[in-house]
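Once you know that position 156 of the sequence shown is 155 in numbering that gives the first Met the number 0, the rest is easy, because the numbers rise by one and skip nothing.
Don't be surprised by glycine CBs; every beta carbon is placed ideally from N, CA and C.
These numbers were taken from a predicted model, which means no experiment stands behind them.
Contents: one structure, followed by commentary.
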Amino acid sequence: MVMSSPLLLRLLAVVVVALVLVVLFTSTLANRSLLRVPIANQASGQYDLPWYKHAHRALVSPLLAGNTTTSERQKLQEYWINAAHVLAERTFGDKYKDNIPGTHVDVTTLRTAIDEWTRVAKKGETSGGRWIYSENMTTMQHIQDEYYNTCDHHFYATHSSSDMRDAVRYRWQPDQQHPLLAEDVDRDRWCELLNGRSIMIVGDLVQYQIHELLLDVLRDGPSVCYGEMGCKPHTICQDPHPPATLRYYRNDILADNKEMIDSHDNGHPSASVVLAPFMHKFMLREYDVYILNAAVVISDDDDSFMQHLATTLATLRQYKPNALVIYRSSYHGHPHCDDANMPLDQPLTDIEQRRLPYGWSEITRRNAMARIIVEAAGGLFVDLGAMMELRPDGHIGGQDCLRYCMPGPLDAWGTLLYNVMLATVSLVD
0 MVMSSPLLLR LLAVVVVALV LVVLFTSTLA NRSLLRVPIA NQASGQYDLP
50 WYKHAHRALV SPLLAGNTTT SERQKLQEYW INAAHVLAER TFGDKYKDNI
100 PGTHVDVTTL RTAIDEWTRV AKKGETSGGR WIYSENMTTM QHIQDEYYNT
150 CDHHFYATHS SSDMRDAVRY RWQPDQQHPL LAEDVDRDRW CELLNGRSIM
200 IVGDLVQYQI HELLLDVLRD GPSVCYGEMG CKPHTICQDP HPPATLRYYR
250 NDILADNKEM IDSHDNGHPS ASVVLAPFMH KFMLREYDVY ILNAAVVISD
300 DDDSFMQHLA TTLATLRQYK PNALVIYRSS YHGHPHCDDA NMPLDQPLTD
350 IEQRRLPYGW SEITRRNAMA RIIVEAAGGL FVDLGAMMEL RPDGHIGGQD
400 CLRYCMPGPL DAWGTLLYNV MLATVSLVD
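Below, the structure written as structure tokens:
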């Protein structure tokens, strides 16, 4: 039987209206959800960020909460902070409430001092840390991986050796009411503080730069590494100090896997999530200081993030109950960083954060969750990421607007980590 044209048109109209209602309904649910919110493809829009010299087309952003409002994002953060508290209590209880293994200072005093050194001055605040321009900067000489010397190679091809890149002319200055214990790094004193304790660094490729930084500080010459996956233990702190070693493992999300895993995600940038095993008891046996970070990756949701972190720290405490655990906070990169030529004077607003690609808009929440779990495990949460979010300049540039050239902004990490080590012994200068 053949339908008449008017009847067919009416049926088509009903189908179209139904499809529109379904789309609107599912879109509303997505926008109201506080647990899993897909983001629309913003590749056709144009957005400005504070360091842009002109508008850039937004990058594809498959984020977790990009379509939510600021109020909804705050509720999302509160939800996961509460969830992290529950997980931390269930996993660690109050065992480390009054004790940070590897330190000799009151818990509250130590954590407060470190937080004040890294606290960033926000809009309208007179207190907090800032990047200060200085004509008389002393930089750390970088003698490890040549890749991080990219900026110097380009700069000195057209400048005198007595000149200095603008990105290295800024130093991190904490609030004047909370000065650092030491402005300059003393290698001998750092080795005294280690007293033969070896350091394991675990995390993604940003964490690998801490490996490079500490080798610059604690060794007299370059080390041999065949990429971040081929790094063996390095000797640091030789005579007259007790010998120690430093080693890096690439495990992007701090998973406690015992076999090598190389899982691919489909987001930008196109790269593997690498999970090199580091949690075997025989691997941990030689190390007593751990510098850790769990990266924000698109394929890892909030629950997986905190479960991985809690499980790994619980295993670490089982094997190394007296180890000093330092967790570095994550920071967002700066798209189109080649536009930048100076630090920002305040962090990005929430609206600006939602314009960031690669899941970077979720970093504030993940850091808050990590702090709760790390501190419950008797570790030190060091917010090194906050100050770097003010540095769109100094990146390697091009397609790499996450890592930094060395020397550069990361020099401040060396100074702050040295002060953290000093503070674990005494907060008296």
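For a test of the three-state rule: what should DSSP assign to residue i, helix, strand or coil?
{"i": "GLN206", "result": "helix"}
{"i": "ASN366", "result": "helix"}
{"i": "GLY128", "result": "strand"}
{"i": "ARG498", "result": "No answer is possible for residue 498: it lies beyond the span of the chain, which begins at 0 and ends at 428."}
{"i": "ARG284", "result": "coil"}
{"i": "GLY384", "result": "helix"}
{"i": "TRP50", "result": "coil"}
{"i": "LYS231", "result": "coil"}
{"i": "TYR357", "result": "coil"}
{"i": "ALA39", "result": "Its pLDDT being 32, under 50, ALA39 is placed unreliably by the model, and the measurement read from it follows with that caveat. DSSP places ALA39 in coil when its eight states are reduced to three."}
{"i": "ARG72", "result": "helix"}
{"i": "ASP410", "result": "helix"}
{"i": "TYR403", "result": "strand"}
{"i": "ALA243", "result": "strand"}
{"i": "VAL272", "result": "strand"}
{"i": "ARG186", "result": "helix"}
{"i": "LEU213", "result": "helix"}
{"i": "VAL419", "result": "helix"}
{"i": "GLN352", "result": "helix"}
{"i": "ILE371", "result": "helix"}
{"i": "VAL201", "result": "strand"}
{"i": "HIS55", "result": "strand"}
Among the options, whose alpha-carbon lies nearest the alpha-carbon of residue i?
{"i": "THR414", "options": "MET386, ALA309, ASP399", "result": "MET386"}
{"i": "TYR207", "options": "ARG164, GLU71, GLN143", "result": "GLN143"}
{"i": "HIS307", "options": "PRO178, ALA422, PRO49, ALA294", "result": "ALA294"}
{"i": "GLN398", "options": "ASP238, PRO334, LEU343", "result": "PRO334"}
{"i": "VAL373", "options": "LEU213, PRO49, HIS55, ASN98", "result": "ASN98"}
{"i": "TYR357", "options": "HIS331, ARG370, ARG364", "result": "HIS331"}
{"i": "SER425", "options": "GLU71, MET282, TYR169, VAL106", "result": "VAL106"}
{"i": "ASN66", "options": "TRP171, SER360, ASP151", "result": "SER360"}
{"i": "TRP171", "options": "HIS55, LEU343, LEU347", "result": "LEU343"}
{"i": "LEU214", "options": "HIS84, ARG186, VAL273, GLU388", "result": "ARG186"}
{"i": "PRO49", "options": "MET305, ARG354, LYS74", "result": "ARG354"}
{"i": "ASP165", "options": "THR137, ASP183, GLN345", "result": "THR137"}
{"i": "THR310", "options": "VAL104, PHE91, ASP300", "result": "PHE91"}
{"i": "ALA367", "options": "GLN73, PHE281, ASP93, PRO346", "result": "GLN73"}
{"i": "PHE304", "options": "ASP219, LEU204, ARG188, LEU253", "result": "LEU253"}
{"i": "LYS319", "options": "GLN345, ARG327, MET282", "result": "MET282"}
Just to confirm my understanding: we take residue i, look at its own chain, exclude 5 residues before and 5 after, and list those with CB closer than 7 Å. What are they?
{"i": "TYR95", "result": "ALA375, ALA376, GLY377"}
{"i": "LYS52", "result": "ASP338"}
{"i": "THR234", "result": "PRO242, THR244"}
{"i": "TRP412", "result": "ILE209, LEU212, LEU383"}
{"i": "LEU371", "result": "The residue asked about is misnamed: residue 371 is Ile in this sequence, not Leu. Excluding residues within five positions, the ones whose Cβ falls inside 7 Å are ILE80, ALA83, HIS84, ALA87."}
{"i": "VAL167", "result": "MET136, THR138, PRO406, GLY407"}
Skipping 5 residues on each side, what residues in its chain have a beta carbon closer than 6 Å to that of residue i?
{"i": "THR69", "result": "ASP349"}
{"i": "ASN321", "result": "PRO100"}
{"i": "ILE395", "result": "THR149, ARG402, CYS404"}
{"i": "PRO232", "result": "THR244, ARG246"}
{"i": "HIS210", "result": "ILE200, TYR247"}
{"i": "CYS230", "result": "CYS224, TYR247"}
{"i": "GLY127", "result": "ARG118, VAL119, ALA120, ASP174"}
{"i": "HIS263", "result": "Note on HIS263: pLDDT 47, under 50, position unreliable in the model; no value is reported."}
{"i": "MET278", "result": "ASP255, THR314"}
{"i": "HIS55", "result": "HIS335"}
Can you find a CB in chain B that lies within less than 8 Å of the CB of residue i?
{"i": "ARG188", "result": "Among the protein chains of the structure shown there is no chain B, as only one such chain exists."}
Could you pull out every residue in the same chain whose Cβ sits closer than 8 Å to the Cβ of residue i, ignoring the five residues on either side in sequence?
{"i": "TYR147", "result": "HIS141, GLN208, GLU211, ILE395, ARG402, TYR403, CYS404, MET405"}
{"i": "SER133", "result": "ARG168, TYR169, ARG170"}
For this session: Could you say if the region 110–123 and the region 377–385 meet the contact criterion of at least three C-beta pairs nearer than 8 Å?
Result: Yes, the region 110–123 touches the region 377–385.
Problem set entry | Stretch pair the region 187–200 + the region 282–289: three plus CB contacts closer than 8 Å | With a cut-off of 8 Å, the region 282–289 and the region 187–200 count as touching, because enough Cβ pairs lie within range.
Problem set entry | Three CB pairs or more closer than 8 Å across the region 116–133 and the region 168–185 | Yes, the region 116–133 touches the region 168–185.
Exercise. Where are the alpha helix (DSSP H) runs, 4 residues long or more, that stay fully inside the region 278–347, in chain order?
Worked result: Correct list: 280–283, 301–318.
Exercise. Which ranges would you report for the alpha helix (DSSP H) in the region 79–129 if only whole runs of at least 4 residues count?
Worked result: Taking 4 residues as the shortest admissible run, the region 79–129 contains the following complete alpha helix (DSSP H) segments, listed from N- to C-terminal end: 106–117.
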